[in-house]
Structure formats: C-alpha cells, structure tokens
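Visitor: Before we start, here is the structure in question, set down as structure tokens.
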Amino acid sequence: MSDMNEHEEGEIVDLDTCSKKKSILIAAAIVAVLGFVGYSYIFLCIHYIIGGFAAAGSFAKRHSITISAGTGAKLGAVSSFLGMLVAFGVFAIVFFNGFTEADFETAREEILRKFYEDGQPEAAEFAENLTLEQVRPLVVGVMLAAGSALSLIQGALGGIIGASVFKRGPKAQ
Numbered sequence: 015m016s017d018m019n020e021h022e023e024g025e026i027v028d029l030d031t032c033s034k035k036k037s038i039l040i041a042a043a044i045v046a047v048l049g050f051v052g053y054s055y056i057f058l059c060i061h062y063i064i065g066g067f068a069a070a071g072s073f074a075k076r077h078s079i080t081i082s083a084g085t086g087a088k089l090g091a092v093s094s095f096l097g098m099l100v101a102f103g104v105f106a107i108v109f110f111n112g113f114t115e116a117d118f119e120t121a122r123e124e125i126l127r128k129f130y131e132d133g134q135p136e137a138a139e140f141a142e143n144l145t146l147e148q149v150r151p152l153v154v155g156v157m158l159a160a161g162s163a164l165s166l167i168q169g170a171l172g173g174i175i176g177a178s179v180f181k182r183g184p185k186a187q
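In my numbering, the protein residues as written are 15 to 187.
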C-alpha cells in the first residue's frame, strides 16, 4: 500500500490521520548532511531553511494535501532542530576528542596577539589564564544555544515557504 492518500476535491483532510514522522526524518537527515558542509554556514545557515522546506514539501507531496503555513512552520522547525542535534552531536565528539592542547595553544596565542594589537590588555590577561577544559564547555554551550535558536527559526521559515509552494490537493487541518 502506498504512503500517498487519495482525496476528493474540496475535502478537508484531518492532519491527525497523516503521519509526519517520515517527512521529518528525511528533512532532518538533509539538515544533518548539509550541516557538515562549511559553505552552508557561510550562507547564513541555509541548510536549516532547506530542511524546513523539504519537510513541508515532502509531507504535502506524500499525502497529496495542502498544508497551512503554521503546519509547515512546525514541520520545518522540528526537522531542522533534529538535524542540528545530529550534526552537533558529531561536532561535539570531534571537538572533545580531536581538538588537542597544542591546537588550543596555537589558537590562544593568535587571540592574545590580536587582543594586544587592538589595545585590549585586560582581555588578553583574561585569555592567558583560560585552559582548554574551561573553554570546551563554553564553546559547546554557545554553539548549542545558537544552533537551537537558528535551527528553530530558520526551519520554521523554510517550512512556511515549503507550505506555500507545495499545494498538492485538499486543505489539511
């Protein structure tokens, strides 16, 4: 039996009868894979918008329905957030295991040089006292907070765009 549902013209489809899981997982996988492409971050984290768009489009197409902007936003936000968590999990493992004390020292020396050049000796003194064990949780926390906010907002935006583009049949409520 096909995932696609056949609906009559003018019918209003109950959203509770349509499974969202497959569309969300497909879009989350897209977000996670694109999350490993550095250029997606350069282009303002476009992979979150693409994931939201894919979630709404996949859902509308699979069920041959037209979804509201609110439904598209929910699908997009959830799928982008899940994809961000997967990509972030891999990043955290690499960051905790692959970023060595020597790498940290090189980065800290560059930061110290920049602070002194910019005339900020207080900031340089503070940075001199930091250790890798102090910096790791801070970096992970900031990235998790920023990634969560960006993925939810941009995923919702992508879902809204996807919902407006993919009008496939009767309205779903």
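Don't be surprised by glycine CBs; every beta carbon is placed ideally from N, CA and C.
Residues in its own chain within less than 6 Å of Ile81 by CB, not counting five upstream and five downstream?
Guide: Answer for Ile81: Ala74, Ala177 and Ala186, listed in chain order.
Visitor: Reducing DSSP to helix, strand and coil, say where Val51 ends up.
Guide: Here Val51 sits in coil by DSSP.
Visitor: Are the CB atoms of Gly71 and Gly97 within a distance shorter than 7 Å?
Guide: Their beta carbons are not under 7 Å apart, which means Gly97 does not touch Gly71 by this criterion.
Visitor: In this structure, does DSSP put Lys88 in helix, strand or coil?
Guide: Lys88 falls in the helix class under three-state DSSP.
Visitor: Where do the N-terminal and C-terminal ends of the alpha helix (DSSP H) with Ile26 fall, by residue?
Guide: Here Ile26 belongs to no alpha helix (DSSP H), and DSSP marks it neither H nor E.
Visitor: With DSSP as the reference, label Lys185 as helix, strand or coil.
Guide: Residue state, collapsed to three classes: strand.
Visitor: Straight-line CA distance for Tyr130 to Ala101?
Guide: Going by the C-alpha atoms only, they are around 35 Å apart.
Visitor: Please say whether Phe95 and Ser37 have beta carbons closer to each other than 7 Å?
Guide: It is not a contact, given that the beta carbons lie outside the stated cut-off.
Visitor: What does DSSP give as the partner residue(s) for Thr216 in the beta ladder?
Guide: The displayed coordinates of the chain run from 15 to 187. Any statement about residue 216 would go beyond what the structure contains.
Visitor: Please check the pair Ala106 and Ala68, which I expect to be a contact at CB under 8 Å, by giving their CB distance rounded to whole angstroms.
Guide: That pair is no contact at about 25 Å.
Visitor: What residue does the alpha helix (DSSP H) around Ser72 start on, and which one ends it?
Guide: Where Ser72 is concerned, the enclosing alpha helix (DSSP H) stretches over Ile60 to His77.
Visitor: According to DSSP, is Thr114 part of a helix, a strand, or is it coil?
Guide: It is coil, neither helix nor strand.
Visitor: Using a 10 Å radius around the Cβ and a threshold of 16 neighbouring Cβ atoms, would you call Ala91 buried or exposed?
Guide: Ala91 should be labelled buried.
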